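Residue numbers (this note's numbering), protein chains in the order written: chain X, 1 to 267; chain Y, 1 to 267; chain L, 1 to 267. The block underneath contains the structure these notes are about, expressed in structure tokens.
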Amino acid sequence: MKKARLNAFALLKLVRQQRPLVHHITNWVTIYDCAAIVKSFGASPVMAHAKEEVAQMAGIASSLVLNIGTLTPELVLSMKTAAQSAHKKGIPVVLDACGAGATTLRDQKVFALLKSGHIDILKGNASEVARIAGRRVRTRGVDAQTVDGDVAGLAAKLARSRKLTVVVTGRTDIVTDGKRRLFVKNGHPLMSKVVGTGCMAASVIGMFAAVEPDHVRAAASALACFGIAGECAARGSAGPGSFREKLFDCAYRLNEKTCLRAQKIEE
Amino acid sequence: MKKARLNAFALLKLVRQQRPLVHHITNWVTIYDCAAIVKSFGASPVMAHAKEEVAQMAGIASSLVLNIGTLTPELVLSMKTAAQSAHKKGIPVVLDACGAGATTLRDQKVFALLKSGHIDILKGNASEVARIAGRRVRTRGVDAQTVDGDVAGLAAKLARSRKLTVVVTGRTDIVTDGKRRLFVKNGHPLMSKVVGTGCMAASVIGMFAAVEPDHVRAAASALACFGIAGECAARGSAGPGSFREKLFDCAYRLNEKTCLRAQKIEE
Amino acid sequence: MKKARLNAFALLKLVRQQRPLVHHITNWVTIYDCAAIVKSFGASPVMAHAKEEVAQMAGIASSLVLNIGTLTPELVLSMKTAAQSAHKKGIPVVLDACGAGATTLRDQKVFALLKSGHIDILKGNASEVARIAGRRVRTRGVDAQTVDGDVAGLAAKLARSRKLTVVVTGRTDIVTDGKRRLFVKNGHPLMSKVVGTGCMAASVIGMFAAVEPDHVRAAASALACFGIAGECAARGSAGPGSFREKLFDCAYRLNEKTCLRAQKIEE
């Protein structure tokens, strides 16, 4: 693999200039964290899930982030309505397939959302993505399980068949639209010990996709910046409590010099 | 403008002595923060939104705080029921018009809640309040937009027509019942970079209104104490993560000496 | 009272080895905290409340934690379904009777959940437990009120009549199945100043019960470890904000040496 020609900070700079409104329909566990990471990086989060307003809210937003972490059928209905509105307006829609594979409901709803054709970027950990790609993986709750074989190949195939960009988070994040593949090696092991980093990653991807129409470049840049903030937060952290606090500080303070030096995106 | 004759700490002392129960029907993003700031200052928060219990919960509470940040029609129904119960009991009701102007649903529900006649204190940022006052402002999500003209005058007019106290948060907070106007200049720019400070301000106002029947004095004192806690938290904060943590610590430790020296309430 | 022959850390070690999946149907205020404390101690939390998936999720979990802090009738229906599934599978079910005694709805729903016969461990503060035991206590919101008389005796009687283990949290925690009584004296006064410690205690109990079939031993060990993490967090905390952050760090780093030395479980 070789270094990708990509300047993640350049996109973060755009985010800070344009302050895009990132509309979320997300889960109740990490809803604060999703809003906080978007705001810390310099954009503007809004959370709204009532079926009566989601179409209008998506209509004034610059991107839409969906997360099925604590889904109900009603919430998924709102997601569909919002995704349709976002699609019509031409803003990117990110789906975090949080817990896909754990229950039949999650599987069904992820497939229904994908079938709508309004999802631009699908994000999951290895077991979630493998499940959606048709593998017989049983996800245990919302934490990643080991998946054998060529996960990048699996993701690329899924991207082609679904005509979207697939993001697999893990020690090395994979971003692919079926043709191109980018690998992001930023981040820190402590990130997997903290509740909410997966959900936040999807929010950051949505934020970057709001300013960069190339979803592969947007997602890889987002994961690099988020991972660098994680590396920064891990320094001097005593555990998941202090890490979470520092993560928002590091996102807020992330600057060009640090970002350029630390960025690890390969192709 | 001159210094107002008001001792914000005297009311905080009452809060700590009486430990009022502050009933919230609020949003799912900052619900923890609203509870935590009330508890940190020394009162007792309770969150309850089931239509089957809100009237009874408001009936044992000392004040009621409503926030439409992640509203649904069902949640607003619970707000109306609780507000009616609170009004009947004679305890103050605060409405945080979070995101008013962003969607038709939010506008309609804010007007419906105001029309009930059970709201005592209406709180919003400049664009939210301008919208409610009838200005053609389009709020972008939940973050404040610049509003031209005499915001204090607009707020005073709204207060008179709606017969309530209006609070406009911003660099200088405005509190008015239409006749009197108080201006609170406490706070720190970092507060606008952190998710939840607006919602917490409404909770603190509700907490102070529980011990002081004069809503203008209660709201101005609340904003001064909250702002002073914010100034304290900003010292040594590296960003929004550490700021949030220190905010609760500073609220918990706020003492008479600091408060008297730092208070900036003008009339 | 004398020291109980119990090694709380031995169970924590099992938790860290087995990483049990702890399924929660909990409240919207402390849902992050419940997930975070379970993950910080080394297990795997999952939050899922849709009636369409709770039975299946409980079916892949190792324990189930229910909390009525922000209940609705629909949510309680999901709790019943999940508890039935958990009971059938033979995994322990913990009920946190958060706010019992505050409203009729809470009382009714707690009694309905207990009547199902699927609750293995009932947890509350003194006023909540007294209320459930039939005393005419009126709980003020979700904070503990003083209860006169022999709380341990009351809890033991309740445990016998309901055929479950009762946990009363407070300065000294009481754990009893009606025959045995254990008293846990770990913890720190700051814990009662922070939102969410009560809810987190129930989550930790659920996590320990997932690896230890004796519910009395599991609950007492859980409360000892949680209390020791609290003692650790209190050192150097400036208030509830820094305490909360350190609590997750301390749970994450809790080791055998500290735990053995600090453990205060008596019988």
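Positions of the beta carbon are idealized from the N, C-alpha and C atoms, including for glycine. Please read all numbers here as calculations on a predicted model, not as lab measurements.
Secondary structure of residue i, DSSP reduced to three states
| i | result |
| --- | --- |
| Leu-182 of chain L | strand |
| Thr-165 of chain Y | strand |
| Ser-268 of chain Y | Any answer about residue 268 of chain Y is impossible in this case: the structure gives chain Y only from 1 up to 267. |
| Gly-124 of chain Y | strand |
| Val-175 of chain X | strand |
| Ala-100 of chain L | strand |
| Leu-21 of chain X | strand |
| Arg-140 of chain Y | strand |
| Ile-260 of chain Y | This sequence places Leu at residue 260 of chain Y; Ile is not what is there. The answer is helix: DSSP assigns Leu-260 of chain Y an H, G or I state. |
| Leu-95 of chain Y | strand |
| Glu-245 of chain Y | helix |
| Lys-193 of chain X | helix |
| Ile-119 of chain X | coil |
| Ile-2 of chain Y | Correcting the residue type first, residue 2 of chain Y is Lys in the shown sequence and not Ile. Coil. |
Chain X contact for residue i (CB, 8 Å cutoff)
| i | result |
| --- | --- |
| Lys-193 of chain Y | yes |
| Ala-82 of chain L | no |
| Ile-91 of chain L | no |
| Ala-238 of chain Y | yes |
| Asp-120 of chain Y | no |
| Pro-189 of chain Y | no |
| Gln-56 of chain L | yes |
| Val-65 of chain L | no |
| Asp-143 of chain Y | yes |
| Val-147 of chain Y | no |
| Thr-176 of chain Y | no |
| Val-46 of chain L | yes |
| Arg-253 of chain L | yes |
Where residue i falls, given that 16 or more other Cβ within 10 Å makes a residue buried
| i | result |
| --- | --- |
| Phe-285 of chain L | Given that chain L is displayed from residue 1 to residue 267, the structure contains no residue 285 of chain L and the question cannot be resolved. |
| Gly-307 of chain X | The requested residue 307 of chain X does not occur in the structure, where chain X is confined to residues 1 to 267. |
| Thr-72 of chain X | buried |
| Thr-104 of chain X | exposed |
| Asp-96 of chain L | buried |
| Leu-260 of chain Y | exposed |
| Ser-62 of chain X | buried |
| Asp-148 of chain Y | exposed |
| Thr-30 of chain L | buried |
| Asp-249 of chain L | buried |
| Lys-80 of chain X | buried |
| Ser-196 of chain X | Note that residue 196 of chain X corresponds to Gly in the displayed sequence, not to Ser. Per the 10 Å Cβ criterion, buried. |
| Thr-70 of chain L | buried |
| Asp-150 of chain X | exposed |
| Lys-123 of chain L | buried |
| Arg-270 of chain Y | In the structure displayed, chain Y extends from 1 to 267; residue 270 of chain Y sits before or after that span and is not available. |
CB contact check: residue i to chain L, cutoff 8 Å
| i | result |
| --- | --- |
| Phe-248 of chain Y | yes |
| Pro-73 of chain X | yes |
| Ile-228 of chain Y | no |
| Ser-242 of chain X | yes |
| Ala-210 of chain Y | no |
Within-8 Å CB hit, residue i to chain Y
| i | result |
| --- | --- |
| Leu-21 of chain X | yes |
| Ser-40 of chain X | yes |
| Thr-104 of chain L | yes |
| Thr-169 of chain L | no |
| Arg-235 of chain X | no |
| Glu-245 of chain X | yes |
| Ile-60 of chain X | yes |
| Thr-172 of chain L | no |
Neighbouring residues, chain B, relative to residue i (Cβ below 7 Å)
| i | result |
| --- | --- |
| Arg-131 of chain X | In the structure shown, chain B cannot be found, because the protein chains are X, Y and L. |
| message | Ignoring anything shorter than 4 residues, give me the alpha helix (DSSP H) runs that lie fully in the segment 207 to 239 of chain L, in order along the chain. | response | Here the runs fully enclosed are 215 to 234.
| Those runs of the alpha helix (DSSP H) which lie wholly inside the segment 29 to 74 of chain Y and span at least 4 residues | With a minimum length of 4 residues, the continuous alpha helix (DSSP H) runs that stay inside the segment 29 to 74 of chain Y are 31 to 41, 54 to 60.
| query | Touching or not, the segment 157 to 169 of chain L and the segment 219 to 232 of chain L, by the rule of three or more beta carbon pairs under 8 Å? | reply | Contact check between the segment 157 to 169 of chain L and the segment 219 to 232 of chain L: three or more CB pairs, one atom from each, fall below 8 Å, which counts as touching.
| query | Taking contact to mean at least 3 C-beta pairs separated by less than 8 Å, is the segment 241 to 248 of chain Y in contact with the segment 236 to 253 of chain L? | reply | The segment 241 to 248 of chain Y, when compared against the segment 236 to 253 of chain L, does touch it at the 8 Å Cβ threshold.
| query | With contact counted as at least three CB pairs below 8 Å, one residue from each stretch, are the segment 4 to 20 of chain Y and the segment 41 to 56 of chain Y in contact? | reply | The segment 4 to 20 of chain Y is in contact with the segment 41 to 56 of chain Y.
| field | the segment 113 to 132 of chain Y / the segment 84 to 94 of chain Y touching (three or more Cβ pairs under 8 Å) | value | Because the criterion of three Cβ pairs below 8 Å is met, the segment 113 to 132 of chain Y and the segment 84 to 94 of chain Y touch.
| query | Counting pairs of beta carbons, one from the segment 48 to 57 of chain L and one from the segment 7 to 16 of chain L, are three or more of them closer than 8 Å? | reply | Result no; under three Cβ-Cβ pairs closer than 8 Å.
| request: Mind the definition here: the segment 185 to 199 of chain Y touches the segment 227 to 236 of chain Y only if three or more C-beta pairs lie below 8 Å; say whether that holds. | output: Flag = yes, the segment 185 to 199 of chain Y and the segment 227 to 236 of chain Y touch.
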